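Peer 1: The following block contains the structure, expressed as structure tokens.
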Amino acid sequence: MSARSDRSKELGAFLKAHRSRLGPGAVGLSGAGQSRRVPGLRREEVAQLAMISTDYYTRLEQGRLAGASPAVLDALAGALCLGENERSYLFQLANRDDQRPRKNPDTERVRPQLQLLLDNLRDSPALVLGGHLDILAWNPLATAVFLDFAQVPRHERNFLRMLFLDPQVRGRYIDWPSLARICVGFVRAAVNGPSEPGISSLIGELSLRDPDFRTWWAEQHTSYQTTGTKTLTHPDTGPYPLDWQVLRTPDETQVLMVMTAPPGTHSLDVLRRLHPRTAPANPTT
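Using our numbering, the first residue of the sequence shown is number 306, and each one after it goes up by one.
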């Protein structure tokens with residue numbers, strides 16, 4: 306199957322998934338509160354809102370068109386009430402986004418200034434992640450909170466993969482499902498089509514090995530949540546909350562994920578207890 310055919314089917318699935326989540330009342334159409342055979346908007350209603358023909362929209366949703374013009378995509382994004390990340394992903398699926406090739410994670414390098422910032426975060430676990438959540442660098446406290454990333458084979462050193470398949474990383478999160486869904490949505494938004502090099506094998510492996518991933522990936526949900534609070538745990542300390550935030554680098558190909566102790570909690574004491582005082586400053590080998 307060609308990459309264009311894959312993309313058309315993904316576009317159709319994306320449109321159908323978001324159509325099913327909207328009721329007529331949410332977009333100002335009559336019929337709110339009335340029972341329907343299927344949830345969400347009908348195809349003709351989406352076409353009406355986007356001011357395109359029902360036949361044209363139907364062919365898009367059935368994967369029988371390779372793409373759509375930017376004007377049509379704008380109209381569909383408005384009709385389906387898409388957020389910024391969802392709108393960006395819609396354009397990607399229609400092959401209307403920036404087609405600059407992504408870097409291979411094996412060749413990605415962390416800028417020296419970013420590495421220095423990472424090393425200077427003494428009381429905050431921190432990771433530098435690539436666009437598909439490949440783990441590119443980390444500080445000693447991140448090693449203490451999760452595991453020694455240097456011992457993980459490079460091709461398996463991906464935060465999404467480890468979050469689903471590595472029992473130690475997965476077990477660190479008390480509220481694992483909510484974080485896992487955020488990460489799935491982040492990668493879904495970053496993927497430039499299902500045939501993009503370097504990501505199809507990861508998606509395939511996770512889909513085969515984890516039913517939750519398979520379900521959440523099929524939902525076509527995209528998100529880019531940049532802050533939050535999660536409860537972690539460690540065998541030596543028990544549960545403790547950490548605030549987290551994601552900061553994009555200037556070229557937007559990498560992100561810095563930093564976790565901090567919320568004020569008024571015991572988390573800073575936990576982190577200082579876990580801090581590997583003798584760990585090397587730059588463990589990115």
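All residues carry an ideal CB built from backbone N, CA and C; glycine is no exception. All values derive from a computational prediction rather than experimental measurement.
In angstroms with no decimal places, state the Cα-to-Cα distance between residue 314 and residue 537.
Peer 2: 38 Å
Peer 1: Near residue 478, which residues of its chain fall below 7 Å by C-beta distance, leaving aside the five closest residues on each side in sequence?
Peer 2: Answer for residue 478: 484, 535 and 537, listed in chain order.
Peer 1: Buried or exposed: which applies to residue 559, given that a residue is buried once 16 or more other Cβ atoms fall within 10 Å of its Cβ?
Peer 2: buried
Peer 1: Restricting to Cα atoms, I'd like to know which of 541, 522 and 551 is closest to residue 591.
Peer 2: As shown, the chain starts at 306 and ends at 590. That puts residue 591 outside it, with no answer to give.
Peer 1: If contact is defined by three or more beta carbon pairs under 8 Å, each pair taking one atom from either stretch, is the stretch 508-524 in contact with the stretch 377-394?
Peer 2: Taking one beta carbon from each stretch, the stretch 377-394 and the stretch 508-524 have fewer than 3 pairs nearer than 8 Å; the two do not touch.
Peer 1: In chain order, which continuous runs of the alpha helix (DSSP H) of length 4 or greater are located wholly inside the stretch 461-521?
Peer 2: 464-470, 472-476, 481-495 and 505-514
Peer 1: Does the beta-carbon of residue 448 have 16 or more other beta-carbons within 10 angstroms, so that it is buried, or is it exposed?
Peer 2: Classification for residue 448: buried.
Peer 1: So which of 357, 508, 398 and 377 has the shortest CA-CA distance to residue 437?
Peer 2: 508
Peer 1: Pull up the distance between the alpha-carbon of residue 515 and that of residue 467, whole angstroms please.
Peer 2: Spanning the two alpha carbons is a distance of roughly 12 Å.
Peer 1: Return the CA-CA distance between residue 573 and residue 554, expressed in angstroms with no decimal places.
Peer 2: Going by C-alpha positions, residue 573 is about 26 Å away from residue 554.
Peer 1: Quick check: what's the CA-CA separation for residue 506 versus residue 460?
Peer 2: C-alpha separation (whole angstroms): 11 Å.
Peer 1: Which of the three DSSP states is assigned to residue 367 in this structure?
Peer 2: coil
Peer 1: What do you get for residue 444, buried or exposed, if any count of 16 or more other CB atoms within 10 angstroms of its CB means buried?
Peer 2: By the neighbour-count criterion, in which 16 or more other beta carbons inside 10 Å mark a residue as buried, residue 444 falls on the buried side.
Peer 1: Output needed for residue 567: all residues of its chain with C-beta closer than 6 Å, excluding positions within five of it in sequence on either side, in chain order.
Peer 2: 546 and 548
Peer 1: Taking the alpha carbon of residue 490 as the point to measure from, which residue in 319, 311 and 312 has its own alpha carbon closest?
Peer 2: 319
Peer 1: Using DSSP bridges, identify the partner residues of residue 439.
Peer 2: Note: residue 439 sits in a beta bridge opposite 463.
Peer 1: Assuming contact is defined by CB atoms lying nearer than 7 Å, are residue 362 and residue 351 in contact in what I supplied?
Peer 2: Cβ distance < 7 Å, so residue 362 and residue 351 count as in contact.
Peer 1: Using alpha carbons as the reference points, say which of 430, 357 and 421 lies closest to residue 565.
Peer 2: 430
Peer 1: CB-CB under 7 Å to residue 356, same chain, minus the five flanking residues each way: which ones, in chain order?
Peer 2: 380
Peer 1: Near residue 272, what residues of its chain come up, given a Cβ to Cβ distance below 7 Å and the 5 sequence neighbours on each side ignored?
Peer 2: Outside the displayed range of the chain (306 to 590) lies residue 272, so it cannot be described from this structure.
Peer 1: With DSSP as the reference, please indicate the residues paired to residue 535 in a beta bridge.
Peer 2: 547
Peer 1: Given a cut-off of 7 Å, decide if residue 433 and residue 421 are closer than it, judged by their beta-carbon atoms.
Peer 2: Between residue 421 and residue 433, the gap from beta carbon to beta carbon reaches 7 Å or more.
Peer 1: With H, G and I counted as helix, E and B as strand and the rest as coil, what does DSSP make of residue 578?
Peer 2: Helix at residue 578.
Peer 1: Using the beta-carbon count (16 or more within 10 Å), is residue 391 buried or exposed?
Peer 2: That one is buried.
Peer 1: What separation, rounded to the nearest whole angstrom, lies between the Cα atoms of residue 571 and residue 370?
Peer 2: 56 Å
Peer 1: Roughly how many angstroms lie between the CA atoms of residue 325 and residue 346, to the nearest whole one?
Peer 2: 6 Å
Peer 1: Looking at residue 512: is its Cβ nearer than 7 Å to the Cβ of residue 519?
Peer 2: yes
Peer 1: Sort out for me which residues DSSP pairs residue 565 with in a bridge.
Peer 2: 548
Peer 1: On the criterion of 16 or more Cβ atoms from any shown chain inside 10 Å, does residue 456 qualify as buried, or is it exposed?
Peer 2: exposed
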